[in-house]
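Okay, so here's the structure we're looking at.
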Amino acid sequence: MRIGMMVDSYKPYISGITNYVEINKQHLEKAGHEVFVFTFGDLEYEDNEPNVIRSPGVPLADTGFYLSMRYTRAAKKLLQTMDVVHVHHPFLSGRLALRYCRPLRIPILFTNHTRYDLYAQAYLPLMPDEVSNGLLQAYMPPFCKAVDLVITPSAGMEKVLRELNVEGKIEIVPNGVDLKNFHAATPLPRAQFGYKEDDILLVYAGRIAPEKNIPFLLESFSGIAKAIPNVHLMLIGGGSQQFEHEIRSLINDLNVASRVRMAGKVASVQAKLRAD
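When the letters of the sequence shown are read in order and numbered with our numbering, they come out as residues 5 to 280.
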């Protein structure tokens with residue numbers, strides 16, 4: 005089969021959806037399918053994998069996202085040769101799937117990875133929850149009805165869609181984890197990061213973003229750090245410069261700067277995930 009993965013952002017932007025698409029692309033290709041990733045971004049970026057099709061867009065500050073409402077003519081033409089398309093963002097990529105693929109009756113799958121209600125709370129704090137939820141309730145039900153299959157990675161995410169008045173069948177397909185990457189990983193020496201062998205190391209791996217509730221994590225860790233003198237926390241991941249600055253300020257305010265390390269963006273975290 006020829007499969008088109010449609011995402012609003014992809015490499016070099018690091019996110020759960022990026023990892024999900026990359027892993028699924030690899031395994032589908034091993035099964036003999038031809039997989040293409042359709043996204044937006046810097047056309048001069050050199051990919052380390054084949055069949056990543058980018059269309060230009062307007063960069064949104066340093067978020068890693070690009071804003072556009074159309075693909076290039078070549079990308080559109082290629083997309084319309086797919087046997088099936090799999091949408092991972094409902095707004096930009098989702099609308100393009102309906103515009104370009106629905107008239108040709110190309111089957112459209114949609115996986116809802118994201119709590120958009122929490123995104124609204126984090127990035128649009130001045131917007132009342134009633135307004136943001138109302139907008140989601142107006143958009144998500146007709147969009148989900150227009151695609152051929154809706155997928156969520158958990159029962160909890162299915163419940164969120166139901167609360168937004170999404171009707172019809174929703175398939176729950178948990179995200180897979182490629183364990184061989186962890187088994188084959190060689191852990192980095194702790195001394196390289198200034199840790200002793202008997203130190204207790206806790207690791208957070210994810211984006212440094214408001215919706216991840218990292219202040220709660222740090223406040224909880226500060227209490228643990230007072231009770232356990234050899235416990236340390238490593239934050240693996242990156243985010244906007246502004247929010248990273250806020251997190252560093254909070255670390256200093258909580259007096260845990262000597263116990264918390266921000267490792268920044270890491271392309272492959274398997275070696276570092278040998279935590280306690």
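All residues carry an ideal CB built from backbone N, CA and C; glycine is no exception. From a predicted model like this one, the values you see are computed outputs, not experimental measurements.
For residue i, the three-state DSSP class (helix, strand or coil)
i	result
Met73	coil
Phe95	coil
Thr156	strand
Glu1	The shown model of the chain, from 5 to 280, leaves out residue 1, and the question about it has no answer.
Tyr104	helix
Met86	coil
Arg6	strand
Thr118	coil
Ala65	coil
Tyr14	coil
Leu258	coil
Ser244	coil
Ser19	coil
Glu171	coil
Glu201	coil
Ile27	helix
Ala267	strand
Length of the line joining the Cα atoms of residue i and residue j
i	j	result
Arg263	Val207	12 Å
Val11	Val260	38 Å
Thr118	Ser158	11 Å
Asn55	Val88	15 Å
Leu153	Leu122	24 Å
Leu239	Asp133	30 Å
Ile232	Phe225	10 Å
Leu258	Val41	43 Å
Val25	Leu222	30 Å
Ile1	Glu167	No statement about residue 1 is possible, as the shown extent of the chain runs from 5 to 280 and does not include it.
Asp182	Arg265	27 Å
Thr22	Asp46	16 Å
His306	Asn28	This structure cannot speak to residue 306, because the chain is shown only from 5 to 280.
Ala65	Gln245	10 Å
Gly3	Gly198	In this structure the chain extends from 5 to 280, so residue 3 is not present and cannot be described.
Glu48	Pro16	12 Å
Arg74	Pro214	29 Å
Gly160	Leu100	27 Å
His1	Ala142	Outside the shown range of the chain (5 to 280) lies residue 1, about which nothing can therefore be said.
Gln30	Glu162	26 Å
Phe220	Lys149	37 Å
Ser253	Ala35	48 Å
CB contact flag (residue i, residue j, <7 Å)
i	j	result
Tyr120	Leu102	no
Gly172	Leu83	no
Tyr70	Phe95	no
His92	Thr115	yes
Ile176	Val151	no
Ser136	Gly68	no
Ser97	Ala79	no
Val164	Met144	no
Asn179	Ile204	no
Ile174	Ile212	no
Cut-off 7 Å between Cβ atoms - residues of its own chain near residue i, not counting five sequence neighbours on either side
i	result
Gly210	Lys216 and Gly241
Lys269	Ile18, Gly241 and Gly242
Ile57	Phe40, Val41, Phe42, Ala79 and Leu82
Ala229	Val235, Val260 and Arg263
Ile218	Ile212 and Ile251
Sequence-distant residues of its chain with Cβ nearer than 6 Å to residue i (five each side left out)
i	result
Met5	His37 and Asp87
Glu248	Ile212
CB contact check: residue i to chain C, cutoff 7 Å
i	result
Gly45	Of the chains in the structure shown, none is chain C; there is only one protein chain.
Cutoff 8 Å; reference residue i; Cβ partners in own chain excluding five residues on either side
i	result
Thr76	Ser59 and Pro60
Asp202	Asn234
Phe108	Residue identity differs from the one stated: residue 108 is Leu in this sequence, not Phe. Here the set comprises Gln84.
Ser72	Phe44, Ser59, Pro60, Gly61, Val62 and Leu96
His236	Tyr199, Asp203, Ile204, Leu205, Leu206, Arg263, Val264 and Arg265
Leu32	Ile7 and Val39
Arg106	Ile112 and Ala150
Tyr104	Tyr75, Lys80, Leu83 and Gln84
Check: residue i C-beta below 6 Å from any heavy atom of the ligand HEM
i	result
Lys34	With respect to small molecules bound, the structure shown includes none, and the ligand HEM cannot be examined in it.
Exercise for the section: Counting only runs of 3+ residues fully inside the stretch 203-242, write out the beta strand (DSSP E) ranges in chain order. Expected result: As for any beta strand (DSSP E) of minimum length 3 sitting wholly inside the stretch 203-242, the runs are 204-209 and 235-240, ordered along the chain.
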